Amino acid sequence: MATIVGVDLALTHTGIAVIVSTVSGELVTASVRLVETAKPPKKANLYAAVGDIQRATLLYAGIMEELRESRPALVAVELPSGSQSAVSAKCGGIAKGVITGIREALPEVPFLWFHQNQVKQALLGRSKVSKDEMAAAVLERLPDLQDYLDEIARSKQEHVTDAAAVVIASEGTELWRAAMGNSA
653 MATIVGVDLA LTHTGIAVIV STVSGELVTA SVRLVETAKP PKKANLYAAV GDIQRATLLY
713 AGIMEELRES RPALVAVELP SGSQSAVSAK CGGIAKGVIT GIREALPEVP FLWFHQNQVK
773 QALLGRSKVS KDEMAAAVLE RLPDLQDYLD EIARSKQEHV TDAAAVVIAS EGTELWRAAM
833 GNSA
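Below you can see the structure in the form of structure tokens.
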């Protein structure tokens, strides 16, 4: 058995799915988490940079807490990409900086990095995929994930689904095989 953690990385809503690969190769959901950060209210009278640092700190703490608890053999991360604005590019950059710091803090844990199109391609064989198609493909493979999704607001479920999807996408990679071999 091995524990794999999937992370759908973003500054505002980061989904985390802890998946266990059983001895028979079946994937089972162990837990999920949603790490959320928000811009401080205007009345807090903070400079934007201070708010960004506070959000980065919350994101770092939330992800690290899950990784310390789950002790994964592998972490698979879907990185933010395709910014439509300077604000989303900045948020994506902050989130990437956070996950880079986490990677450096955990040198013994292998990390896999994915673009969203790689995840879609791995699950459905094409990169033009709707959110509903992705969710259906993930739930077909991890039906027990639905129990966890039922506890999350519908508008935020995609973050957890995407975190589980990146775990599924990592199957068969060299790092996956190494993680499965090291957990035996």
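First residue of the sequence shown: 653, per my numbering; consecutive thereafter. Backbone N, C-alpha and C fix where the C-beta goes; we use that ideal spot for every residue, glycine too. Remember, it's a predicted structure, so these values are computed and weren't measured experimentally.
Proximal residues to residue i (C-beta, below 8 Å), its chain only, five neighbours per side dropped
i: Glu675; result: The identity of residue 675 in the sequence shown is Val, whereas the question assumes Glu. The residues are Met653.
i: Leu686; result: His665, Thr666, Gly667, Ile668, Ile804, Lys808, His811, Val812
i: Ala690; result: Thr664, Arg707
i: Lys694; result: none
i: Leu719; result: Val657, Val727, Ile754, Leu758, Val761
i: Ser722; result: Thr655, Val657, Val670, Ala682, Ser683
For residue i, the first and last residue of its enclosing beta strand (DSSP E)
i: Ile656; result: 654-660
Nonlocal neighbours in the same chain, by C-beta distance under 6 Å from residue i, ignoring five residues either side
i: Gly777; result: none
i: Ala816; result: Gly658, Ala669, Val790, Leu794, Leu797
i: Ser683; result: Val670
i: Leu801; result: Gln809
i: Ala662; result: Pro732, Ala747
i: Glu688; result: His665
C-beta atoms of residue i and residue j nearer than 8 Å
i: Asp704; j: Ile746; result: yes
i: Ile766; j: Glu730; result: The question names Ile, but residue 766 is Phe in the sequence shown. Contact: yes.
i: Ala728; j: Val672; result: no
i: Thr655; j: Ala757; result: no
i: Ala821; j: Val771; result: yes
i: Pro732; j: Lys742; result: no
i: Gln773; j: Ser782; result: no
i: Asp799; j: Asp660; result: no
i: Ser735; j: Gly744; result: yes
Residues bridged to residue i (per DSSP)
i: Glu688; result: His665
i: Ile671; result: Ile656, Thr681
i: Trp828; result: Answer is none; Trp828 lacks a bridge partner.
Span of the alpha helix (DSSP H), counted from its first residue to its last, around residue i
i: Glu595; result: No information on residue 595 is available, as it lies outside the stretch 653 to 836 that the chain covers here.
i: Leu731; result: Leu731 -> no alpha helix (DSSP H), and no H or E assigned at all.
i: Lys748; result: 738-757
7 Å CB neighbourhood of residue i in its chain, flanking five on each side removed
i: Thr825; result: Leu764
i: Tyr712; result: Val750, Gly753, Ile754
i: Leu838; result: Residue 838 is absent from the structure shown; the chain starts at 653 and stops at 836.
i: Gln768; result: Glu730, Ser733
Ignoring anything shorter than 4 residues, give me the alpha helix (DSSP H) runs that lie fully in the segment 759-820, in order along the chain. 768-776, 783-793, 797-801
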